[in-house]
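Peer 1: Pasting a structure here, questions to come.
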Amino acid sequence: MTSRPHGAATAIRLRAMVFPAATVLLACAGAAVVLAADPTSDAGFPLPPCPVKWLTGLDCPGCGSTRMIYSLLHGDVLAALHFNAAAVLFIPFFLWTWGAWVLGRWRGRSVRTWEQWRWSPLVGLVLIAVWSVIRNLPFPPFDALYV
């Protein structure tokens, strides 16, 4: 049985962290763009509109996500929930998935997450469909979800 020298194992692990580090850098760059743009007002530079809302006038499941991220970056959780409550509630699951991916790359083997649960795809699709419908209903209390 042969074993790798300690330096080689460290080099392999560090190489495996290149993509996770790149995702952090891209996320920071995206956050900087959102902060500079200020999507909650006309003060910053314009970001492209949601194509679904632009074409249909309806809020898609992701509508308001940029304003939600801007609000979270400023620590305004209530505003973030107003702009896209479903996306705010999804953040812990996204972080879980990202963390498991990073840990799996570090260990050299995959780490199971909620994505592998039997009903995850179906539950996810149902939640997205329900969110798409209720945020476009034109009567109280659902009209408060329209952004």
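Heads up: the sequence shown is residues -36 to -1, 1 to 111, going by mature numbering (1 follows the signal peptide of the UniProt record, and there is no 0).
Quick reminder that beta carbons are idealized off the backbone N, C-alpha and C, glycines included.
1. Just mark L(-11) as buried or exposed, buried being the case when its beta carbon has 16 or more other beta carbons within 10 Å.
2. Round the Cβ separation of V75 and A64 to the nearest angstrom and send it over; I've been treating them as touching at under 8 Å.
3. I'd like the span of the alpha helix (DSSP H) that includes P15, first residue to last.
4. Name the residue from D23, G88, L91, L86 whose alpha carbon lies nearest to the alpha carbon of H46.
5. If we count Cβ pairs, one from each stretch, closer than 8 Å, do we get three or more for the stretch 24 to 34 versus the stretch 45 to 59?
Peer 2: In terms of the structure at hand:
1. exposed
2. 4 Å
3. 15 to 20
4. D23
5. yes
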